[in-house]
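Asker:
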Amino acid sequence: MNFSNYSDNLLYSSFNHTNDCVIFGTINGFYVYTINPFKKIISRKITGGVSIVNMLYKSNIIAFVGNDKTGLYPNNKLIIWDDSKEDVIGEISFNEQILNFKLSKDIITVVVNSTIFIYNFKDLSIIRTYYTNLNNNGLCKIVGDLIIYPANNIGEITVINYKSNNDIKNIQCHENEIKLFTIDPSGKYLASCSTKGTIIRIYNIETANLVKELRRGSDYTKIIDLKFSSDLQYLLCSSEKGTIHIYNILLNEDYIENYSYISYFLPEYFNSEWSIIKFYIDTITYSCFMENDSNKIISIGSDGCFYNLSIDIEKKVGNIDTNYKFILDSENPFDNKE
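Each residue of the sequence shown is one higher than the one before, counting from 7 in this note's numbering.
1. Below 8 Å on the Cβ atoms is my contact criterion, and I expect T115 with F107 to pass it. Report the Cβ-Cβ distance as a whole number of Å.
2. In whole angstroms, what is the alpha-carbon distance linking I1 and F44?
3. Can you tell me which of the three DSSP states I229 falls into?
4. Between which two residues does the beta strand (DSSP E) carrying A157 extend?
5. Compare the Cα-Cα distances from M7 to each of S19, N15 and S13 and report the closest residue.
6. Report the start-end ranges of each alpha helix (DSSP H) in the stretch 90-134 that is 4 residues or longer and not cut off at the edges.
7. In the DSSP output, which residue or residues are listed as bridge partners for I86?
8. Roughly how many angstroms lie between the CA atoms of I184 and N158, to the nearest whole one?
9. Out of curiosity, what's the CA-to-CA distance linking L238 and L78?
10. Pair every Cβ in the stretch 26-35 with every Cβ in the stretch 314-327, then say whether three or more of these pairs are closer than 8 Å.
11. What are the boundary residues of the beta strand (DSSP E) that G35 is part of?
12. For S99, which option in K75, T213 and Y136 has the closest C-alpha, if you only look at C-alpha atoms?
13. Who pairs with R207 in a beta bridge, going by DSSP?
14. At a Cβ threshold of 8 Å, is I177 touching chain D?
15. Start and end of the beta strand (DSSP E) containing M7?
16. So, helix, strand or coil for T4, using DSSP?
17. Please name the residue or residues paired with Y240 in a DSSP beta bridge.
18. Return helix, strand or coil for G307, following the three-state DSSP convention.
19. When the distance is taken between beta carbons, is L196 closer than 8 Å to I206?
20. Could you pull the DSSP bridge partners for N329 from this structure?
21. Just confirm the distance between the C-beta atoms of G324 and T289, as a whole number of angstroms; I'd bet it's less than 8 Å.
22. Residues in its own chain within less than 7 Å of S308 by CB, not counting five upstream and five downstream?
23. Go to T32, then tell me how far its beta strand (DSSP E) extends in each direction, as first and last residue.
24. Express the C-alpha separation of N139 and N73 in angstroms, rounding to a whole number.
25. By the DSSP assignment, the beta strand (DSSP E) with I47 in it spans what residues?
26. Looking at V71: is its Cβ nearer than 8 Å to the Cβ of S57?
27. Can you have a look at L256 and say buried or exposed, based on whether 16 or more other CB atoms are within 10 angstroms of its CB?
28. Just to confirm before moving on: does the CB-CB distance between L145 and Y155 stay below 8 Å?
29. How far does the beta strand (DSSP E) with D288 in it reach, from first residue to last?
30. Where does H23 fall in DSSP's three states?
31. Exposed or buried, Y267, counting other C-beta atoms within 10 Å across all chains shown (16 or more means buried)?
32. To which residues does DSSP link T188 through a beta bridge?
33. Evaluate W87 with the Cβ neighbour count: other Cβ atoms within 10 Å of its Cβ, from every protein chain shown; 16 or more gives buried, anything less gives exposed.
34. Pop quiz: T188 and F234 are said to be a contact at Cβ under 8 Å. What is the actual Cβ separation, rounded to whole angstroms?
Pasting the structure below:
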């Protein structure tokens with residue numbers, strides 16, 4: 007998540023593919039913590055700071071984008087860093103600022119304002135280029151062979167098989183501009199919200215059918231994070247209000263088969279399902295379900311804190327179990343102290 011609008015020091019935070027490490031980009035560089043135990047394992051000073059940073063699984067390979075417009079690490083250049091060598095092993099430059107990028111073992115996806123590039127990780131050769139409307143939020147997901155991004159029409163999302171470059175489909179998700187979307191780990195379902203931030207809709211990617219509609223609230227707000235649990239039991243939604251909503255989505259074929267029939271007769275407000283648990287943390291948060299444990303949630307706050315949360319579905323309550331300060335004004339996170 008991009009924290010640049012909410013924090014003076016923390017610019018970006020992301021989880022690795024297995025959700026056991028969290029990576030931070032700051033005005034001074036990047037560093038990596040393991041989740042359990044919560045411990046710093048990597049820290050590197052980068053001149054000008056780091057605006058986007060991602061880690062390849064739990065490895066020494068970290069890619070980042072600088073925070074400055076010029077210099078050794080500008081914001082239009084993707085840097086691939088091998089921390090075991092303490093050196094740059096690859097870089098890709100662009101004519102405009104990089105808004106987002108993602109790593110996998112095979113490919114690198116880079117998003118600029120109206121273009122998405124897919125590169126082969128091994129030799130950084132380009133595989134595909136997709137032209138889009140303005141995509142200021144850098145929205146793009148890669149799951150398996152699918153690339154998913156906002157379509158040219160407002161409220162639509164495009165799904166393409168990037169390997170075969172066919173099977174193109176557009177899913178009309180909202181009437182307003184897409185603000186955020188996420189894909190479940192299996193690549194079967196898509197959850198999205200618009201700039202209104204009141205409704206979250208879940209679609210079956212293969213059929214493009216709506217299978218669930220969730221209501222965050224009736225007032226406009228900015229949704230900043232959406233996450234499926236790995237077992238597809240829950241959906242997490244964080245908003246700019248400092249709220250984290252947990253929805254019991256229970257995606258199964260029996261429910262999906264009956265949803266369209268039932269929803270036809272109900273007004274939108276009553277047709278939507280509400281969250282079963284809500285946290286309030288007085289900072290902007292970026293969250294993730296713990297791998298293989300849907301009842302545990304980890305969350306990053308713009309106040310420089312790491313939060314360990316738990317949910318009790320039967321009692322419909324949530325607890326903040328622990329929190330740690332990972333950014334301290336009195337402590338340099340780039341020294342060797344633990």
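Ideal Cβ positions, reconstructed from N, Cα and C, are used throughout, including at glycine.
Answerer: From the atom records:
1. 6 Å
2. There is simply no residue 1 to check, as the chain begins at 7 and stops at 344 in what is shown.
3. strand
4. It is not in any beta strand (DSSP E) - A157 carries neither H nor E in the DSSP assignment.
5. S19
6. The stretch 90-134 contains no whole alpha helix (DSSP H) run of 4 or more residues.
7. Under DSSP, the beta-bridge partners assigned to I86 are A69 and G96.
8. 11 Å
9. Taking C-alpha positions only, L238 is separated from L78 by approximately 43 Å.
10. no
11. G35 to T40
12. K75
13. S198 and E219
14. Here there is only one protein chain, and chain D is not present.
15. Run containing M7: none; DSSP gives neither H nor E here.
16. This structure cannot speak to residue 4, because the chain is shown only from 7 to 344.
17. N254
18. Three-state result, G307: strand.
19. no
20. Y313, per the DSSP bridge assignment.
21. With a contact defined as Cβ atoms closer than 8 Å, G324 and T289 miss out at about 16 Å.
22. F9, Y12, S13, L16, T289 and I290
23. Counting along the chain, the beta strand (DSSP E) containing T32 begins and ends at C27 to T32.
24. 24 Å
25. K45 to K51
26. yes
27. exposed
28. yes
29. Segment: none, D288 is in no beta strand (DSSP E) and carries neither H nor E.
30. Correct three-state label for H23: coil.
31. Confidence at Y267 is low in this model, with a pLDDT of 48, below 50, so the placement of that residue should be treated as unreliable; the coordinate-derived value is given next. Exposed, because fewer than 16 other Cβ atoms sit within 10 Å of the Cβ of Y267.
32. A197
33. buried
34. 7 Å
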